[in-house]
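Each residue of the sequence shown is one higher than the one before, counting from 4 in our numbering.
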Amino acid sequence: MTRKTKLSLATAIAVLCAAALGVAFSSAGTAGATLRFVAHDEPGNFALDDLGAKSPQGPDIGDVIAFTQPLTVGGETAGSVHLGAIGVDHRRHLTQAMGTVVLRNGTIAVAGLVPQSHLFTLAVLGGTGSYAGTHGTLTVSTPAHTSTITIALAP
């Protein structure tokens, strides 16, 4: 591959990444928009206080979890998610979570019950800035070590 071809390819990739970021942010706050992010663990920004019943299946009633994770789109920083949860159901291993997604144009507040599952959905309760008055869902999918967060804003 020639140097010119490599430069053209790199430029095209950069434009596509910028376009992907533009789609995520230009649709911010618009009814019916879908925003997708990849969440990354941030060393030192996770805490689990095992205050309740001890369980080999993970967090249990009374346990407190808190964390912050950076969000990316196309490898570029797009925001962060801050979440706190407390175990509320021993038999079903449920936690009640509430959090805030912080993006360039505002914030999105979320809350709901979280099962010990690799796929769950929280309610979007509202927001600030471009997201003021919004509602919808936030779905987290964690098939391996990386989480994908999809926010579907209702029309």
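We put the CB at the ideal spot given by N, CA and C, even for glycine.
Please read these numbers as outputs of a predicted model, since none were measured by experiment.
Give me the Cα-Cα distance between residue 76 and residue 100, rounded to the nearest whole angstrom. The sequence position of residue 76 within the sequence shown is 73, counting from 1. The sequence position of residue 100 within the sequence shown is 97, counting from 1. So the alpha carbons of these two residues sit roughly 24 angstroms apart.
Alpha-carbon spacing of residue 64 relative to residue 149, whole angstroms: For the purposes of this step, residue 64 is taken as the residue at position 61 of the sequence shown. For the purposes of this step, residue 149 is taken as the residue at position 146 of the sequence shown. Distance between the alpha carbons of residue 64 and residue 149: 26 angstroms.
Out of curiosity, what's the CA-to-CA distance linking residue 142 and residue 60? By 1-based counting over the sequence shown, the position of residue 142 is 139. By 1-based counting over the sequence shown, the position of residue 60 is 57. For residue 142 and residue 60, the distance between alpha carbons rounds to 22 angstroms.
Could you work out which residue in 97, 58, 102 and 51 is closest to residue 126 when comparing CA atoms only? The residue labelled residue 126 in the question sits at position 123 within the sequence shown. Taking only the C-alpha atoms, the option nearest residue 126 is 102.
Relative to the C-alpha of residue 89, which candidate in 80, 55 and 83 has its C-alpha closest? Translated into positions along the sequence shown, residue 89 becomes position 86. Put simply, of 80, 55 and 83 the residue whose alpha carbon is nearest the alpha carbon of residue 89 is 55.
Would you kindly work out how many angstroms separate the C-alpha atoms of residue 27 and residue 112, rounded to a whole number? Position 24 of the sequence shown holds residue 27. Position 109 of the sequence shown holds residue 112. Bear in mind that a pLDDT of 44 at residue 27, under 50, signals an unreliable position, so the number given afterwards is only what the model happens to contain. If I take the Cα positions, the gap works out to 17 angstroms.
With DSSP as the reference, label residue 150 as helix, strand or coil. For the purposes of this step, residue 150 is identified with residue 147 of the sequence shown, where counting begins at 1. Here DSSP, grouped into helix, strand and coil, assigns residue 150 to strand.
Return helix, strand or coil for residue 24, following the three-state DSSP convention. Residue mapping note: residue 24 aligns to position 21 of the sequence shown, counting from 1. Its pLDDT being 37, under 50, residue 24 is placed unreliably in this model, and the value from its coordinates should be taken loosely. Helix.
Looking only at its chain, what residues have a beta carbon closer than 6 angstroms to the beta carbon of residue 69, apart from the 5 residues adjacent to it on each side? Working through the sequence shown from its first residue, we reach residue 69 at position 66. Around residue 69: 50 and 87.
So, helix, strand or coil for residue 132, using DSSP? On the sequence shown, residue 132 is found 129 positions in, with the first residue counted as 1. Correct three-state label for residue 132: helix.
CA-to-CA distance, residue 104 to residue 138, given in whole angstroms: Here residue 138 corresponds to residue number 135 of the sequence shown, with the count starting at 1. Here residue 104 corresponds to residue number 101 of the sequence shown, with the count starting at 1. Within the model, the alpha-carbon separation for residue 138 versus residue 104 is close to 13 angstroms.
Helix, strand or coil for residue 39, going by three-state DSSP, please let me know. On the sequence shown, residue 39 is found 36 positions in, with the first residue counted as 1. Reduced to three states, the DSSP call for residue 39 is strand.
Beta strand (DSSP E) segment containing residue 106, residue limits: Within the sequence shown, numbered from 1, the residue matching residue 106 stands at position 103. Where residue 106 is concerned, the enclosing beta strand (DSSP E) stretches over 97-106.
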